[in-house]
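Residue numbers (the working numbering), protein chains in the order written: chain A, 1 to 312; chain B, 1 to 312.
Using N, Cα and C, we set each Cβ at its ideal position, and we do this for glycine too.
Scroll down for the structure; my scribbles are underneath it.
Spelled out as C-alpha cells, the structure:
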C-alpha cells in the first residue's frame, strides 16, 4: 500500500507517493496559480496526483489515503480549506472535489502541523513520541505532536506558537496583536532587524557586504566575516528565538524541539548559541530537558507529514 | 470504594475522602509544620489520613487510592517530593512512607495540576475533555488537562504556564527569567501595581481608602468606589492576564479555561472585562473559541484532583 502526501505552498504544490514507512518513492510538483478560483487550483492538484500515481503504476486500490497540508484555516472534519492568506481558497471543498475523481480517503491539515508530523514519523524527531516543530520562515509556524499525532485542540486551531506575545505592546503582528514571537523570530523579523542595523551602522562590514537584497543570511554572513554589528544582530535574534523556545518547554515540555525553515540551514551557527541561550533561561537553572535540533527533511517534511495524516 | 485526596499547602494539609463520583464525604486538616524534617511532616499526614478513614469507618480495602498534591518538584514515578520552596521536603519518599503504614496505591502530582484536575472531574470544567486551569495567586499556576488527564510532558514538568515571557526584559521572576506572565498577572504583581499607583496618586480614592495592608482586593474595591486610579490599575492588570490567556488559547486551544486563586473571587468584575480583552486579542478577530469561567471548587479543587489521580 502507498500513501500520498500533498504540500500546498504559495509558489508550488508538491505531491509525493510514499511506502508504508513514509519513504518518498516518487514526487513531482506544479506551480500554484494562486489567483485562480480555488476549484481550478484543486483541478491542477488532482492532475498532479494522477500523474504521480501513473508514474508508479498505482491504482486507487493501492492508495491508503491522500493527505493535504495547506496554509490557512481548515475544516478537518469536512475536508474543506476555509481560507488562505495568499491562495484563492474560499470554503474550497477539496475532499469532495478529489473524491469525485479519486475514491480514496482524503485528510487535510495545516502545513506547519504536517511538517511537524513529517519530522516526527521519519525525520529529526522520529525517536520520541512528543515533539514540537518550529518553522522560522516568513512567519513562525509551529506544530505540536503528542503520541505521534498532531495536537490541534478541540477545534483544530491549536499550535499557533508564533502568535504568543513575548514583547508586551511590541511590533504589530498580522494576527492583530502586538509583540507576537513571530514579529521578532521570523525571517521577516531578522531581515527587519538586519536592515535597521545597516541603517544605524553604514560603515560596518554588514552594511558594506550587502549586494542587492537583504535576506535571512545577510547578518549570519557578516558574523562569519567577523563583523561586530552582524554578530550583534544574530545574537539578539537568537535571544528572541530562545524566549519562545523556553516558553514552549515550560508549557509543553516536549522531549524534542526541531527547528525548520530557511534559517535552520545555518545549522550549528543557529543551534549552538540557541541552546546556550535556552540554558541560561531554564526554570530555576534546571538542565535543559528538551533536545533541540535542526529539522532534517527540508521541503519533504510537508509531503511526508501529509501522507502520514492517513495513519490510523 | 473511596478515594483519598491530600492537598499539601504552606499553611495546612487538607485531606478529604470522596465517593466514586468525587463528592467529598468528609475532610479534615492539620497545620503544615513546614520547618520540621519532611519525614515528620509525612508522619503528621499519615495521622490525618488515618483519622479521616476512621471517621467514615473505611478500611484499607475500601480505599482505591491516596493522591497527593504538593507544591514544588516531584517525581511521579517514584512517588517522591524532590523539593519544595516553602516546605522542608528534600527527596522525601512520601509513597514509601505512607505504604509502610497504609497499603494502598499512592500517587503524587503538582498542586496546580491537582486543582486543574479537580475542576475537570467535578467543577467548572466538568463538561469538557480538554481544559486549562489558571490559578492567580502568589504566583501564576497552571494545569493542563487533556482527555480528563493531567498533561505533564515527558518528564512531568509541563504546565508551568506562569513562566512564559510576556514582557521581554521585564520584571525579574523567581524562576530566573525576566518578564514572566507571573510577574504581571499574579496577586503579588497586582499588589505591586496597586502600591505603585498609590505612591504616584496620593490624593486618589485608592490611596485614601487603604486601611492597613494593600492586598489583591484593594484596587478592585477602589474601582467599585468609582476611583479612576483604581479602575486603571484593574484595567491594566486584566490586560496582563488576558495576554497570557490568549497565548494559551493560541497554543493549546482548550475548550474551557477556569480561573482560580484569590482574585477569582472578584467574579464578573474580573471575568467580564477579561473576556472583552481576550476578544480584542483573538487571532485575526476570530470569535473566542474557549469558554472562560471562574473556578467553582475553591480549596476543595486540590483535594478532589488529588483523589482523582487514582482513576485508571
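| Item | Value |
| --- | --- |
| Quick one: is residue 193 of chain A buried, meaning 16 or more other Cβ sit within 10 Å of its Cβ, or exposed? | buried |
| Is residue 168 of chain A close to chain B? Criterion is C-beta to C-beta, closer than 8 Å. | yes |
| Put residue 233 of chain B into one of helix, strand or coil per three-state DSSP. | helix |
| Quick check on the burial criterion: 16 or more other C-beta atoms within 10 angstroms. Buried or exposed for residue 256 of chain B? | buried |
| Hey, residue 13 of chain B and residue 45 of chain B: beta-carbon distance below 8 Å or not? | yes |
| Taking one C-beta from the region 161–172 of chain A and one from the region 165–179 of chain B each time, how about it: are there three or more such pairs within less than 8 Å? | yes |
| Is residue 190 of chain A helix, strand or coil by DSSP? | helix |
| The alpha helix (DSSP H) with residue 224 of chain B in it runs from where to where? | 218–224 |
| Would you say residue 52 of chain B and residue 4 of chain B are within 8 Å of each other, going by their C-beta atoms? | yes |
| For residue 258 of chain B, which residues in the same chain have their Cβ closer than 6 Å to its Cβ, ignoring the five residues on either side in sequence? | 119, 124, 125, 133, 293, 295 |
| Okay, do the region 97–115 of chain A and the region 64–79 of chain A touch, 3+ Cβ pairs below 8 Å being the bar? | yes |
| Does the beta carbon of residue 237 of chain A sit closer than 8 Å to a beta carbon anywhere in chain B? | no |
| Taking the Cβ atom as the reference point for each residue, do residue 25 of chain B and residue 18 of chain B lie within a distance shorter than 8 Å? | yes |
| Chain B beta carbons: is any one of them nearer than 8 Å to that of residue 227 of chain A? | no |
| Could you check what DSSP says for residue 136 of chain B in three-state terms: helix, strand or coil? | strand |
| Give me, in chain order, the residues of the same chain whose beta-carbon lies closer than 7 Å to that of residue 215 of chain A; leave out the 5 immediate sequence neighbours on both sides. | 191 |
| In three-state DSSP terms, what is residue 95 of chain A? | helix |
| By the DSSP assignment, the alpha helix (DSSP H) with residue 114 of chain B in it spans what residues? | 111–122 |
| If residue 139 of chain B sits next to residue 186 of chain B, beta carbons under 8 Å apart, how far is it from one beta carbon to the other, in whole angstroms? | 5 Å |
| Excluding sequence positions up to five away, which residues of its chain have a Cβ less than 8 Å from the Cβ of residue 326 of chain A? | Outside the displayed span of chain A (1 to 312) sits residue 326 of chain A, for which this structure offers no information. |
| Can you give the Cα-Cα distance for residue 264 of chain B and residue 30 of chain A, rounded to whole angstroms? | 55 Å |
| With which residues is residue 70 of chain A paired in a DSSP beta bridge? | A/110 |
| Could you check whether the Cβ of residue 175 of chain B sits closer than 8 Å to any Cβ belonging to chain A? | yes |
| Could you tell me the alpha carbon to alpha carbon distance between residue 313 of chain B and residue 57 of chain B, rounded to whole angstroms? | Not covered by the structure: residue 313 of chain B. The range shown for chain B is 1 to 312. |
| Between the alpha carbons of residue 101 of chain B and residue 75 of chain B, how many angstroms are there, rounded? | 21 Å |
| Measure the alpha-carbon distance for residue 218 of chain A versus residue 141 of chain A and round it to whole angstroms. | 22 Å |
| By the criterion of Cβ-Cβ separation under 8 Å, what are the contact partners of residue 26 of chain A in chain B? | Chain B residues near residue 26 of chain A: none, gap ~36 Å exceeds 8 Å. |
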